[in-house]
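Numbered per my numbering, the sequence shown spans residues 5 to 67. Yeah, the Cβ is synthetic: ideal placement off N, Cα and C, and Gly gets one too. Please read the structure below before turning to the comments.
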Amino acid sequence: MTGSLRKGRRGKEGIAMQQAMQSLGYGLLAILFCGGVALFCRGVKRAARAALRRVQRERTHRR
Numbered sequence: 005m006t007g008s009l010r011k012g013r014r015g016k017e018g019i020a021m022q023q024a025m026q027s028l029g030y031g032l033l034a035i036l037f038c039g040g041v042a043l044f045c046r047g048v049k050r051a052a053r054a055a056l057r058r059v060q061r062e063r064t065h066r067r
């Protein structure tokens, strides 16, 4: 009987560890995702600034 209790305890601990590792994985994935979105937005911001600078240069050269 003690053998079955030990197996049951290990099983519960194993499930808890799996859930903890899964949560850690999701957390790390969320951080990577946010970093990717931030880099994407940074690129869009740079492209928009460059486009606006080109438009302003064209306007000043026309006068």
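1. When you compare only the Cα positions, how much space is there between Y30 and G47?
2. For R27 and C45, I'd like the C-alpha separation in whole angstroms.
3. In whole angstroms, what separates the C-alpha of C38 from that of L32?
Reading off the structure:
1. The straight-line gap from Cα to Cα measures roughly 26 Å.
2. Rather than Arg, the amino acid found at residue 27 in this sequence is Ser. One Cα belongs to S27, the other to C45, and the distance between them is close to 27 Å.
3. 10 Å
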